[in-house]
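**Q** The structure's right below; bear with me while I get my questions together.
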Amino acid sequence: MSPQIAGLLQLIALIAALALAYRPLGDYMAKVYSSEKHYKPEKWIYRVIGANPAAEMHWPAYLRGVLAFSAVSVLFLYLMQRVQGSLPGSLGFSSIDPDQAFNTAASFVANTNWQSYYGEQAMGHVVQTGGLAVQNFLSAAVGMAVAVALVRGFARSRTGELGNFWADLVRGTVRILIPISVIGAIVLVACGAIQNFSGIHQVGQFMGGTQEWNGGAVASQEAIKELGTNGGGYFNANSAHPFENPNPLSNLFEIFLILLIPFALTRTFGRMVGSLKQGYAILGAMAVIWIGFTALMMWTEFAHRGPAFEIAGGAMEGKETRFGIAGSSIFAVATTLTSTGAVNSFHSSYTGFGGGITMLGMQLGEIAPGGVGSGLYGMLIMAIIAVFIAGLMVGRTPEYLGKKIGTRQIKFAACYILITPALVLGFTAVAMALPTPGDSMTNSGAHGFSEILYAYTSGANNNGSAFAGLNADTQWFNSTIGTAMLLGRFLPMVFVLALAGSLAEQKPVPETAGTLRTDKPLYAGLLVGTILIITGLTYFPALALGPLAEGLAS
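Residue numbers for the sequence shown, in my numbering: 5 to 558.
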């Protein structure tokens, strides 16, 4: 069987598994967020944090909950790293330096999981499991809560109430993320991933010295790392490490976990707004982009010309032989079209165009299907933009799901889509203009520029994957990427929740003969076109200086 056919079969198996899980999981999540019942463990949590889960919140109160909880999470994780040397189970590792501790705390709370350190040489068991793994759950639950608040904005009318943040946070964690992660961890252990609390072991001679490995609760962290679209690896090699991702079966399962909730949330959206067809339209737009990017990536990595590539059957540099080109390409697209950031291959070693595809996937806003929660609300923002453009074409006030998209709503949407490009391009320009950040680049020319552009694209879009080759463990990059991660995560949420509140206050608009049908393939096509055009106009000049220049020169 040729590698191309094997890759196609993997893709078909993945799509089939996602299709089987789509309906039951989507419906289940809709019931979770619509239920008025509180389980006993949830009631205990509410008592501890002093929250009233039955109290409805307007968008400013909901936002204050999001920001306050996240600020406390950053502080808690920062302090854990700073005192690591005094904690039990630290494996002898010292406390983390202030700039790197800030970067890591911001990263994991922002659901980015950017890592400028070697996981197996820096973090002990307590910080890994009690700090980083906990934030993998909580940051994902925050994203889901914000997405659900926006959905309620579409579903409700004549009220500014969007639900209760604390109830949404707890339910998302207890009823959705934890049960699926437990099952996922068991599957990964069965596939060969490790799960222990062992210390550091010397395993023999390596390059004239001894090689050391430490164990850890890897399978459990790997499950939520992928399911919550987090991406932070227990080891520096991330999902290319055999302890995290042992074989092709575990590789395909991890991709399934990455895409599971973001795709299923489109059915949750359709169920909660009372029209499954609306959810299918959003699903269709996401699926078209994801399949298109996956096909392009596999084509460019398989077809790259040259004697070495022809002998290897394609661009195998930087890819694990146990996954091959197909398994690496599918993983790379899944992780950069979501806010996951996990890697099972060296993105810097991809072809020029292949590296550009990973960057473009993040620059779309990671909405196909995007991060847990953030993918759905990002796509709904683009849906509003598409409706607005359609309204301009026919001279009619745009409507979406029975809500008028007026000046206020389009301002919120416009601010949302402008924040991330401003962060990415602004920080990249400053880093290239200053004399010292460029010293961190391993390569010069177009590839070196791509290293820095990728780093800020990954940070501001809350992805967390690295192009590699860039030494990001400096005060400049730790501070600026950490700032980009926090602003790129929480500033957009301000406009999402403000938009949700403005929509919830409206009274429903009756559908007429002139209303644009947003549950049809025509609209899904318009939505895909809008996404590609806006992203292309925003990022094309920067991409032309980096991956496009490199690809055309090869």
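Ideal Cβ positions, reconstructed from N, Cα and C, are used throughout, including at glycine. All values reported here derive from a predicted model rather than from experimental measurement.
Please classify residue 111: does DSSP put it in a helix, a strand, or coil?
**A** Helix at residue 111.
**Q** Could you check if residue 129 is buried or exposed, using at least 16 other CB atoms within 10 Å of its CB as the buried criterion?
**A** Its Cβ being crowded by 16 or more others within 10 Å, residue 129 is buried.
**Q** Just confirm the distance between the C-beta atoms of residue 364 and residue 556, as a whole number of angstroms; I'd bet it's less than 8 Å.
**A** The pair is not a contact, with the Cβ atoms about 15 Å apart (cut-off 8 Å).
**Q** How would you write the range of the alpha helix (DSSP H) that residue 287 sits in, first residue to last?
**A** Element bounds for residue 287: 280 to 306.
**Q** Could you tell me which whole beta strand (DSSP E) segments of length 3 or greater appear in the region 357 to 441?
**A** Fully enclosed beta strand (DSSP E) runs of 3 or longer: not present.
**Q** When you compare only the Cα positions, how much space is there between residue 125 and residue 473?
**A** Cα-Cα distance, rounded: 19 Å.
**Q** When burial is assigned at 16 or more other CB atoms within 10 Å of the CB, is residue 33 buried or exposed?
**A** That one is buried.
**Q** Sorted by chain position, which residues of the same chain lie with C-beta nearer than 8 Å to residue 401's C-beta, five sequence neighbours on each side aside?
**A** Cβ within range, chain order: 395, 408, 409 and 410.
**Q** Are there 16 or more other CB atoms within 10 angstroms of the CB of residue 403, so buried, or fewer, so exposed?
**A** Under this definition residue 403 is a buried residue.
**Q** Can you tell me whether residue 107 is buried or exposed, with buried defined as 16 or more other CB within 10 angstroms of its CB?
**A** Per the 10 Å Cβ criterion, buried.
**Q** Excluding the 5 residues preceding and the 5 following residue 172 in the sequence, name in chain order all residues of the same chain whose CB lies nearer than 6 Å to its CB.
**A** Cβ within range, chain order: 149 and 152.
**Q** Using only the heavy atoms of the ligand ZN, determine whether one of them is closer than 8 Å to the beta carbon of residue 278.
**A** This structure lacks the ligand ZN; in fact it carries no ligand of any kind.
**Q** Classify residue 544 as buried or exposed, calling it buried when 16 or more other Cβ atoms lie within 10 Å of its own Cβ.
**A** Label assigned to residue 544: exposed.
**Q** Leaving out the 5 sequence neighbours to the left and right, which residues in its chain are closer than 7 Å to residue 180 when beta-carbon positions are compared?
**A** Around residue 180: 33 and 36.
**Q** With residue 187 as the anchor, note down where its alpha helix (DSSP H) starts and where it stops.
**A** Unbroken alpha helix (DSSP H) run through residue 187: 182 to 195.
**Q** Between residue 69 and the rest of its own chain, which residues show a CB-CB distance below 6 Å, the 5 nearest in sequence each way excluded?
**A** So the qualifying residues of the chain are 169.
**Q** For the region 219 to 261, which segments carrying the alpha helix (DSSP H) assignment without a break, of at least 4 residues, lie completely within its bounds, in sequence order?
**A** 222 to 231, all fully within the region 219 to 261.
**Q** Just grab the DSSP bridge partners of residue 204 for me.
**A** According to DSSP, residue 204 bridges with 218.
**Q** Counting pairs of beta carbons, one from the region 227 to 242 and one from the region 332 to 348, are three or more of them closer than 8 Å?
**A** Contact holds: three or more Cβ-Cβ distances are below 8 Å.
**Q** Would you kindly work out how many angstroms separate the C-alpha atoms of residue 56 and residue 215, rounded to a whole number?
**A** Cα-Cα distance, rounded: 53 Å.
**Q** Do you know offhand how far residue 193's Cα is from residue 367's?
**A** Their backbone Cα atoms lie some 34 Å apart in a straight line.
**Q** Helix, strand or coil: how does DSSP classify residue 165 here?
**A** The answer is strand: DSSP assigns residue 165 an E or B state.
**Q** Taking the beta carbon of residue 200 as the centre, do at least 16 other beta carbons fall within 10 Å, making it buried, or is it exposed?
**A** Counting Cβ neighbours within 10 Å, residue 200 comes out exposed, since fewer than 16 surround it.
**Q** Just to confirm my understanding: we take residue 176, look at its own chain, exclude 5 residues before and 5 after, and list those with CB closer than 7 Å. What are they?
**A** Cβ neighbours of residue 176 beyond the five flanking positions: 145, 148 and 149.
**Q** Candidates 415, 249, 220 and 273: which alpha carbon is nearest residue 3's?
**A** Nothing can be reported for residue 3: it is not among the residues displayed for the chain, which extend from 5 to 558.
**Q** Going by beta-carbon coordinates alone, are residue 282 and residue 225 separated by less than 9 Å?
**A** No, the pair does not count as a contact, with Cβ atoms beyond the cut-off.
**Q** Taking only beta-carbon positions, decide if residue 83 is within less than 9 Å of chain C.
**A** In the displayed structure, chain C is absent; only one protein chain is listed.
**Q** Just verifying my parser: in three-state terms, what is the DSSP assignment at residue 129?
**A** In this structure, residue 129 counts as helix in the three-state DSSP scheme.
**Q** Would you decide whether residue 174 is buried or exposed? Buried here means 16 or more other CB atoms lie within 10 Å of its CB.
**A** Classification for residue 174: buried.
**Q** Sorted by chain position, which residues of the same chain lie with C-beta nearer than 6 Å to residue 111's C-beta, five sequence neighbours on each side aside?
**A** The answer, listed in chain order, is 117, 118 and 489.
**Q** Given this structure, state the Cα-to-Cα distance separating residue 270 from residue 205, to the nearest angstrom.
**A** Between residue 270 and residue 205, the C-alpha separation is close to 46 Å.
**Q** Which stretch, first to last residue, makes up the alpha helix (DSSP H) that contains residue 101?
**A** Per DSSP, residue 101 belongs to no alpha helix (DSSP H) and is neither H nor E.
**Q** Have a look at 198, 232, 230 and 231 and flag the residue whose alpha-carbon is nearest the alpha-carbon of residue 219.
**A** Out of 198, 232, 230 and 231, 198 has the C-alpha closest to the C-alpha of residue 219.
**Q** Would you mind reading off the limits of the alpha helix (DSSP H) that contains residue 472?
**A** Taken as a continuous stretch (DSSP letters only), residue 472 belongs to no alpha helix (DSSP H), as it is neither H nor E.
**Q** Can you tell which of 157, 223 and 217 has its C-alpha closest to the C-alpha of residue 189?
**A** When only C-alpha atoms are compared, the closest one is 223.
**Q** Could you please give the first and the last residue of the uninterrupted alpha helix (DSSP H) stretch that includes residue 532?
**A** Here the alpha helix (DSSP H) through residue 532 covers 525 to 549.
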